[in-house]
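There are 2 protein chains.
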Amino acid sequence: LPRFDAERLKKIGTDIFVALGTPKRNAEIVADVLVKANLMGHESHGVAYFIRYSDRIRRGIIDPKAEPEIVQESSTTALIDGHWGFGQLTANKVMEVAIEKARTSHISAVGACHCNHTTRLGEYSMLAARRNMIGMLFANVPFHGNVQPYGAAAGLLGTNPLSVAVPTEKMDPFFFDFATSAVAERRVTLAAARGEKIPFGWIVDKNGNPTDDPTDLNPPNSTRDEDRGRLLTFGAAAEGQGHKGYCLSILVEILGGILNGSGSLVANDVRQSQNGLLAIAIDIGSFVPAETFKKTTDALFQRIRQTPVQPRFEHDHVLIPGELEWNTMGKRLKEGVEVSESTWREIVNVATELGLKVQSDI
Amino acid sequence: LPRFDAERLKKIGTDIFVALGTPKRNAEIVADVLVKANLMGHESHGVAYFIRYSDRIRRGIIDPKAEPEIVQESSTTALIDGHWGFGQLTANKVMEVAIEKARTSHISAVGACHCNHTTRLGEYSMLAARRNMIGMLFANVPFHGNVQPYGAAAGLLGTNPLSVAVPTEKMDPFFFDFATSAVAERRVTLAAARGEKIPFGWIVDKNGNPTDDPTDLNPPNSTRDEDRGRLLTFGAAAEGQGHKGYCLSILVEILGGILNGSGSLVANDVRQSQNGLLAIAIDIGSFVPAETFKKTTDALFQRIRQTPVQPRFEHDHVLIPGELEWNTMGKRLKEGVEVSESTWREIVNVATELGLKVQSDI
Numbered sequence: 066l067p068r069f070d071a072e073r074l075k076k077i078g079t080d081i082f083v084a085l086g087t088p089k090r091n092a093e094i095v096a097d098v099l100v101k102a103n104l105m106g107h108e109s110h111g112v113a114y115f116i117r118y119s120d121r122i123r124r125g126i127i128d129p130k131a132e133p134e135i136v137q138e139s140s141t142t143a144l145i146d147g148h149w150g151f152g153q154l155t156a157n158k159v160m161e162v163a164i165e166k167a168r169t170s171h172i173s174a175v176g177a178c179h180c181n182h183t184t185r186l187g188e189y190s191m192l193a194a195r196r197n198m199i200g201m202l203f204a205n206v207p208f209h210g211n212v213q214p215y216g217a218a219a220g221l222l223g224t225n226p227l228s229v230a231v232p233t234e235k236m237d238p239f240f241f242d243f244a245t246s247a248v249a250e251r252r253v254t255l256a257a258a259r260g261e262k263i264p265f266g267w268i269v270d271k272n273g274n275p276t277d278d279p280t281d282l283n284p285p286n287s288t289r290d291e292d293r294g295r296l297l298t299f300g301a302a303a304e305g306q307g308h309k310g311y312c313l314s315i316l317v318e319i320l321g322g323i324l325n326g327s328g329s330l331v332a333n334d335v336r337q338s339q340n341g342l343l344a345i346a347i348d349i350g351s352f353v354p355a356e357t358f359k360k361t362t363d364a365l366f367q368r369i370r371q372t373p374v375q376p377r378f379e380h381d382h383v384l385i386p387g388e389l390e391w392n393t394m395g396k397r398l399k400e401g402v403e404v405s406e407s408t409w410r411e412i413v414n415v416a417t418e419l420g421l422k423v424q425s426d427i
Numbered sequence: 066l067p068r069f070d071a072e073r074l075k076k077i078g079t080d081i082f083v084a085l086g087t088p089k090r091n092a093e094i095v096a097d098v099l100v101k102a103n104l105m106g107h108e109s110h111g112v113a114y115f116i117r118y119s120d121r122i123r124r125g126i127i128d129p130k131a132e133p134e135i136v137q138e139s140s141t142t143a144l145i146d147g148h149w150g151f152g153q154l155t156a157n158k159v160m161e162v163a164i165e166k167a168r169t170s171h172i173s174a175v176g177a178c179h180c181n182h183t184t185r186l187g188e189y190s191m192l193a194a195r196r197n198m199i200g201m202l203f204a205n206v207p208f209h210g211n212v213q214p215y216g217a218a219a220g221l222l223g224t225n226p227l228s229v230a231v232p233t234e235k236m237d238p239f240f241f242d243f244a245t246s247a248v249a250e251r252r253v254t255l256a257a258a259r260g261e262k263i264p265f266g267w268i269v270d271k272n273g274n275p276t277d278d279p280t281d282l283n284p285p286n287s288t289r290d291e292d293r294g295r296l297l298t299f300g301a302a303a304e305g306q307g308h309k310g311y312c313l314s315i316l317v318e319i320l321g322g323i324l325n326g327s328g329s330l331v332a333n334d335v336r337q338s339q340n341g342l343l344a345i346a347i348d349i350g351s352f353v354p355a356e357t358f359k360k361t362t363d364a365l366f367q368r369i370r371q372t373p374v375q376p377r378f379e380h381d382h383v384l385i386p387g388e389l390e391w392n393t394m395g396k397r398l399k400e401g402v403e404v405s406e407s408t409w410r411e412i413v414n415v416a417t418e419l420g421l422k423v424q425s426d427i
């Protein structure tokens, strides 16, 4: 695959969003979040969204001029109205307000409504970790969910991800960021586009049977609902523990969709691309000195890394959550970001249509 | 199996703990939590602990006279010292203080140290749900963990459970309460005691191989560490999603063991039976009217229950987390609680040794 410098990708994304009416500073933030997904190894959440968001702006789903606004607040809580602007701006604001409130009140919870697609939640939970806080972020995905409740034979729930980030002393910060479905839907569609198989346990086909064919999720030759497969909640295939991912999926639906009034899957007015958010920030120094906490966290991670590794494990040591992403980012900042030729051509086309002069060579 | 009235079990547990020096009111609380585990279908966390706790009191692990105490607090946070009394009392206190603080400050986080084994966390998260709050509880288990980090070939982490409870309008409250290991260790030892097989995906044997033999975890004919198997984190066997339970296990270790200074697995002074706790309470009315929240939660659960069920699913409808427990409790309150003959004999023996007059008939 052709490789691109991250700054070059960021610039073209910024230029596209500015050309579509986005204030420069906001366009930079959104482009940065998307490029960072590629840098961290999550291309399913990366620069392909330059294209999709351009389309969503044109269709009125994303308002490129909207700024998120605090519409309700106390010393420890707030509600943010994203006014259907870029979800990245709303998610940033949610976590920044949560951090501000936790700084004076030790712990805070901030919700958001009218929020568009936010991509990688880890981007925002990490904002708290950089300020010596534990950051948690929950996002429901209420529109036409195709994740199957545990024991069900139909899709209903969204991929409902959550993320937590924790600061460290010398090691890379701990974070995770995952869908409560087996995987994010984009990983299945990406495999389908590449003609690859997927592991059993990610989806079932239209008849509820296990399958490793990613095209069973959204068959290319049909648009009928009854022909679609469903995503499983994570761990669903495992006997006696299969309900656990399902429990977390419902929790995220409640925190991200009901507690903040944003809209759960039972609401009538949820939109494609909608995420409802709840952020929690905990100021570590309110419990124990932050330095002690970070030293101990490092010691825990060192101890985990010293555990002997399984013979067939794909890495040479046990990984700390987030480690793979930090390593991938370091590598890709130097070596560049791989983007498929077709995605690059589409990005160039969008830019050219907008009258931008783009160096289109690969 | 012989059946017993829940009140009869509660009385014998209370009498045993009182005879061992526990104030009556506290003994009642502990016995009630343990019997409720049986009522809800979790015998692995039930009345067998009458015997184990008696032993722990005699060995000085549990101080039957200790009362948990607030040792640090702000308007939104607190630290509780359990003084190595019954973990049930400390866990109750942690959640009660969290509820009190969330009532005035909207959200709170309360930690606990010097806390003994707490059994079912759902007991305490439900205290918040009964007061129109969302209750979360995290408990690390730092002593000699035998849960294998994802990709590792050795045990290290504890079973590190978490629980969340959410109030509803007319339906039973939502709660879940699960180990971040595939299952709680007691479910494996219980299967071993009963001579039953366990599903693959719960444990690996001493060589790291999948096994359905529960005695591979702690082989009865050896006490050597190198002969023991390990528990897996939940969902660990599932490709591409196997790290998720592991991420949550580490998070619980950090929240329950490091943030509150209670002691993580890298501390030198952690004890058998130790749990470190962190409770978070969120006052729903600080975000949306509690009535609206509860109505919408009911609607969500109704919608989930209407999803068609899988042909081979063991229930006739899709279950809401907690539903099975509430139903089991309703049934067992009427029909009695099954206790194995050997466990009952042991309980009667402990009581008799303490000079209690027990009706020992089954």
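The listed protein sequences correspond, in order, to chains L and W.
If you use this note's numbering, the first sequence closes out at 427, no skipped numbers anywhere.
If you use this note's numbering, the second sequence closes out at 427, no skipped numbers anywhere.
Cβ atoms here follow ideal geometry from the backbone N, Cα and C, with glycine treated the same way.
- Of I199(L), M105(L), D146(L), the smallest CA-CA separation from N181(L) is found for D146(L).
- Contact check for A92(W) against L421(W) fails: the beta carbons are separated by 8 Å or more.
- The beta carbons of A219(W) and T372(L) sit closer together than 8 Å.
- Not a single CB atom of chain L sits nearer than 8 Å to the CB of H179(W).
- A143(W) and V175(W) have their C-alpha atoms some 5 Å from each other.
- In the three-state reduction of the DSSP assignment, T276(L) falls in the strand class.
- When the five nearest sequence neighbours on each side are left out, the beta carbons in the same chain lying within less than 7 Å of the beta carbon of Y215(W) are those of T298, A301, G307, H308, Y311, in order along the chain.
- Contact between the stretch 156-176 of chain L and the stretch 343-359 of chain L is established, with three or more Cβ pairs separated by less than 8 Å.
- About 6 Å separates the beta carbon of G294(L) from that of V269(L), a gap short enough to meet the 8 Å contact definition.
- Taken in chain order, the whole beta strand (DSSP E) runs of length 3 or more contained in the stretch 122-174 of chain W are 134-138, 142-146.
- Contact with chain W is found for W267(L), since one of that chain's Cβ atoms lies less than 8 Å from the residue's Cβ.
- In this structure, D242(W) sits near R185(W), with a CB-CB distance shorter than 8 Å.
- For N225(L), the secondary structure class from DSSP, reduced to helix, strand or coil, is coil.
- Beta-carbon to beta-carbon, V335(W) and G326(W) are separated by about 12 Å, too far to satisfy the 8 Å threshold.
- DSSP places F241(W) in the uninterrupted beta strand (DSSP E) bounded by 239-243.
- Under the DSSP assignment, I345(W) falls in the beta strand (DSSP E) whose first and last residues are 341-348.
- Residue state for V212(L) is assigned as strand, using DSSP reduced to three classes.
- Membership of L66(W) in any beta strand (DSSP E) is not indicated, and neither H nor E is assigned to it by DSSP.
- Excluding residues up to 5 positions away in sequence, I77, D80, I81, V423 lie with their Cβ nearer than 7 Å to the Cβ of A416(W) in the same chain.
- Using beta-carbon distances, A258(L) does not count as an interface residue toward chain W, since no partner is under 8 Å.
- If one requires a minimum length of 3 residues, the beta strand (DSSP E) runs lying completely within the stretch 172-210 of chain W are 172-178, 198-205, in chain order.
- Pairing Q213(W) with W267(W), the inter-Cα distance amounts to about 11 Å.
- The secondary-structure analysis by DSSP pairs R295(W) across a beta bridge with V269(W).
- Under the Cβ distance rule, I315(W) counts among the residues neighbouring chain L, one pair being separated by less than 8 Å.
- Here S407(L) carries a helix assignment [DSSP, helix/strand/coil].
- In chain order, S139, T142 make up the part of chain W whose C-beta sits under 7 Å from the C-beta of S351(L).
- Taking a Cβ-Cβ cut-off of 7 Å, the neighbours of H171(W) in chain L comprise S139, T141, T142, given in sequence order.
- Just so you know, the alpha carbons of S170(L) and H110(W) end up roughly 37 Å apart.
- Under the DSSP definition of a beta bridge, V402(W) partners with F69(W).
- Rounded to the nearest whole angstrom, the CA to CA distance from G200(L) to G152(L) is 18 Å.
- For I323(W), the nearest CB of chain L lies under 8 Å from its own CB, placing it at the interface with that chain.
- For R370(L), the uninterrupted alpha helix (DSSP H) run begins and ends at 355-370, by DSSP.
- Using a CB distance below 8 Å, the part of the stretch 291-308 of chain W facing chain L consists of F299, G300, A302, A303, E304, G305, Q306, H308, ordered along the chain.
- Partner residues in the beta bridge of S246(L), as assigned by DSSP, are T298(L).
- For S314(L), the enclosing alpha helix (DSSP H) starts and ends at 309-318.
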